[in-house]
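Protein sequences appear in the order of chains A and B.
Residue 2 is where the first sequence starts when you use the numbering used here, and the numbers rise one by one after that.
Residue 2 is where the second sequence starts when you use the numbering used here, and the numbers rise one by one after that.
By construction, the Cβ of each residue, glycine as well, lies at the ideal position given by its N, Cα and C atoms.
Accompanying notes for the structure given below.
There are 2 protein chains.
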Amino acid sequence: MEFFLFLRMPNVSTRGLEMPASPIRKLVPFADEAKKKGKHIFHLNIGQPDIKTPKVMLDAVRNFDLEVLAYLHSQGSQSYREKLSKYYASVGVDVGADDIMVTTGGSEALLFGLFSCLDANDEVVVPEPFYANYNGFSRSGGIIVKPITAKIENNFALPPIEAFEQAIGPKTRAILICNPSNPTGYLYSEEELLQLREIVLKHDLFLFADEVYREFVYDGKKHKSVLALSGLDQHAILIDSTSKRYSACGARLGALVCKNKTVIATAMKFAQARLSPPTFSEIAAEAALETPASYFEEVVEEYIGRRNLLVEGLNKIPGVLCPNPGGAFYALVRLPVADTDHFCQWMLESFDYNGKTVMMAPGSGFYSTPGLGKNEVRIAYVLNKSDLKEAIECIAKALEVYKEVEV
Amino acid sequence: MEFFLFLRMPNVSTRGLEMPASPIRKLVPFADEAKKKGKHIFHLNIGQPDIKTPKVMLDAVRNFDLEVLAYLHSQGSQSYREKLSKYYASVGVDVGADDIMVTTGGSEALLFGLFSCLDANDEVVVPEPFYANYNGFSRSGGIIVKPITAKIENNFALPPIEAFEQAIGPKTRAILICNPSNPTGYLYSEEELLQLREIVLKHDLFLFADEVYREFVYDGKKHKSVLALSGLDQHAILIDSTSKRYSACGARLGALVCKNKTVIATAMKFAQARLSPPTFSEIAAEAALETPASYFEEVVEEYIGRRNLLVEGLNKIPGVLCPNPGGAFYALVRLPVADTDHFCQWMLESFDYNGKTVMMAPGSGFYSTPGLGKNEVRIAYVLNKSDLKEAIECIAKALEVYKEVEV
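Below, the structure written as structure tokens:
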């Protein structure tokens, strides 16, 4: 009997097998290995900024004075949602506390939103390259991502309306955008948003908009929310997060915002199943709303400086193409290599420049059309200028050495 | 055009429509309304104890001294997982840090586990009554719950092995138990666990065990983990949480523990998509492992006192049947009413005794066989003895009055 026991083993699910590994995190074991060997790694692979979290946020948690760390309301506390509603008013979005559901990160907001609106085998149209985990969340619910491709030569602007029309079929239930975009940094113009509104209303689709980088727009541009467009109250679903806004990625606190009451009521059932968002995190997030405007002014100035350094530095390297991002803190960059999955792993495993190397996210993971993005990487300019400069030099050096390896 | 816009509205998903509302939280709007009217509510509906969270946990967060609230490793930090592995050794479970995945609550552990092991339309056999949200997590992934019924007359012991054999079919991939049980408080004997092992190995199924109440077992009984049974390394998946153990429900920090490396690797893809567990919560949970043994001794003594008070008090009420739970802090109680959904709502909306009333969780939500549990409620004995006594009196009074209403 005992022998028999060890021969058998149940299989994991097809859903699990098909779940894509995160392009942002799948190289972590190689990075861990490199660190063990004493290499310093510049982490440009992940949107984890080195910017300080506002002190008011951390202090609120340090001053926690209750004796029981209790559950919150499944939708998030009333006081936080009321304050959030005022915050949204300040960015041109008119929503009440009841239109807001507090979630465990933007990730959970998107998961609840997708699961509430789409069934297995339903389709969501997503301009690619897109934030890799959209694929994971969709896949976990059997939802099919229909990509339409934005081009690096066009600075990753919204694909033409005809591309949407071609992608939309009888199973299409939603369009999902990220604005400003992770991974490209592209900021949609109001004209592009109005085009999206037209498509959404024509086909009666939900419009999901991940707007977690709202505060980070550059060159005098202005961000416009999908919830600030008239006529979309029943269709627009805003995904939000405190992670990037306050450099508080570890809080894992986000929000789903929607004026369609049926969507909120449906999402509530998913929210109740997981009981509540994390209490410490909500305390921090509520305090975060008192962050002074000067904080954002300084941070935006810092990101502009980093972006300029990155775009200029990378475009000087032969064969590299780095578009100029209008927002967020990412750039999707074309490199003169055939396979960035291999190149990025090689940089961790086999390369260093003065004991240092750079971790980047291979581009292929941000596309769902097979074969695309293989010569691209996503770079998060989340490190200070001095580190960023060294990292750019390191990439330049690596590309030189890799030429010999690749052949 | 504008008029046309307001006529259309996309539909939510069938998945969302079919998602069950939580029996524990669905009456919250009625409770909120009652509170507005000045009624005091004894919350016996939810496993939110009034027991103090260990100070060492809260202090660890109060002493947070970093300037950036950063992401953690998707699997949870190495240091915490190493300490957890020592904790598990102390309860007879031999697992390494790599066999542990830190999750956002036990909820997420179960979600990742189910999604990693079961596809849509696969079946999981669950002894009912069961923790209501098992239904929700399964439903959200298209997984079908096959209930086998445990009987109140039998103190909710494990149903006979023949019932399992009848329920298991070609689509069955797993069995899911909760031990000690939420909502019944039943503690499985070692003999029952060995029966489960036999079934699981015979049919090559995964065995999920939610053991979050492990520390709370009474009357000299001992808890045994499914991971402490030999021969189940590839089959057993342990769901764990800090919520109940440390009265820290708001932490939302749990773990998935499994020696099957393929399961952990698959769950990692789901974990990477949501980035990481909440950082403050993990800091608290890591510190929690230093909680002195005396804390649990006191808490267990307190729960035994409450249980005795509840069981004795309820069984004195005419027509009420309250089995004696061997663990956790719940009892599933039969009341002399036809529809506890109506009764529980009525207690919030239309009843009070000296300005006070009791909130309980209707039993129907803990069964998936339609029609069962309609004369049962789940009571969580999470309030101090003085409150609990008042609550029992209030229930007795309510049953008297309701007799007139119901007829």
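Buried or exposed: T243/B, going by 16 or more other Cβ atoms within 10 Å of its Cβ?
buried
For M2/B, is the classification buried or exposed, using 16 other Cβ atoms within 10 angstroms of its Cβ as the cut-off for buried?
Residue confidence for M2/B is low, a pLDDT of 42 falling below 50, so the modelled location carries little weight and cannot support an answer.
Please tell me whether N1/B has its Cβ less than 8 Å away from any Cβ of chain A.
Look at the range of chain B in this structure, 2 to 408, and you will see that residue 1/B is not part of it.
Can you tell me which residues form a DSSP beta bridge with A175/A?
V125/A, F207/A
Spatial distance of T54/B from G186/A (CA atoms)
43 Å
Determine the contact status of V62/A and V201/B, defining contact as a CB-CB distance below 8 Å.
no
Across which residues does DSSP place M360/B in a beta bridge pair?
H44/B
Integer Cβ distance of G106/A from L276/B, believed to fall under 8 Å
7 Å
Contacting residues, own chain, Cβ-Cβ under 7 Å from M348/A (five flanking each side not counted)
T358, V359, A399
Give, in chain order, every unbroken run of the beta strand (DSSP E) that is at least 3 residues long and sits entirely within the stretch 59-131 of chain B.
101-104, 124-129
Note down the Cα distance separating I47/A from V312/A, rounded to an integer number of angstroms.
18 Å
With 8 Å as the threshold, decide whether the Cβ of S80/B is near any Cβ in chain A.
no
Going by DSSP, what residues sit across from P371/B in a beta bridge?
BP columns for P371/B are empty, so no partner.
Rounded separation between M58/B and E287/B - CA only
8 Å
By a C-beta neighbour count over all protein chains shown, 10 Å radius and 16 as the cutoff for buried, is L28/B buried or exposed?
buried
Three-state secondary structure assigned by DSSP to R9/A
coil
Taking the alpha-carbon of E191/A as reference, which of L18/A, E83/A, L159/A has the nearest alpha-carbon?
L159/A
According to DSSP, is K260/A part of a helix, a strand, or is it coil?
coil
What separation, rounded to the nearest whole angstrom, lies between the Cα atoms of G39/A and Y354/A?
12 Å
What span of residues does the alpha helix (DSSP H) with A286/B cover, start to end?
280-289
Using a Cβ cut-off of 8 Å, pull out every chain A residue sitting near N183/B, in sequence order please.
By Cβ distance, chain A contributes nothing, its closest Cβ being about 12 Å from N183/B, past 8 Å.
For K27/A, is the beta carbon positioned less than 7 Å from some heavy atom of the ligand ADP?
Absence of the ligand ADP from the depicted structure is noted, as is the absence of any ligand whatsoever, leaving it without description.
Please report the distance separating the alpha-carbon of E350/A from that of K37/A.
11 Å
For A237/A, name the three-state secondary structure that DSSP assigns.
strand
Closest by C-alpha distance to R409/A, when choosing among F330/A, Y296/A, L336/A, E298/A:
With chain A covering only 2 through 408, there is no way to say anything about residue 409/A.
DSSP state of F255/B, grouped into three classes?
Note that residue 255/B is Gly in the sequence shown here, rather than Phe. Note: G255/B maps to strand in three-state DSSP.
Determine contact between the stretch 262-271 of chain B and the stretch 288-306 of chain B, defined as no fewer than three beta-carbon pairs at a distance below 8 Å.
no
Taking the alpha carbon of S23/B as the reference point, which residue from Q79/B, Q235/B, Y368/B has its own alpha carbon closest?
Y368/B
Is there a Cβ of chain B sitting closer than 8 Å to that of V378/A, yes or no?
no
By the 10 Å Cβ neighbour count, where 16 or more other Cβ atoms means buried, how is S226/B classified, buried or exposed?
buried
Can you check DSSP and say which residues form a bridge with E377/B?
R335/B
In its own chain, which residues sit with a C-beta less than 7 Å from the C-beta of R174/B, not counting the 5 before and 5 after it?
C118, L119, D123, E124, V125, L206, F207
Cβ of L333/B within 8 Å of Cβ of P130/B?
yes
How many whole angstroms separate the CB atoms of V92/B and R215/B, which I take to be in contact at a CB cut-off of 8 Å?
7 Å
Buried or exposed for E377/B, please, with buried defined as at least 16 other CB atoms from any protein chain shown within 10 angstroms of its CB.
buried
Starting from K147/B, trace the alpha helix (DSSP H) in both directions and tell me its first and last residue.
Counting along the chain, K147/B falls outside any alpha helix (DSSP H), though it belongs to the beta strand (DSSP E) covering 145-150.
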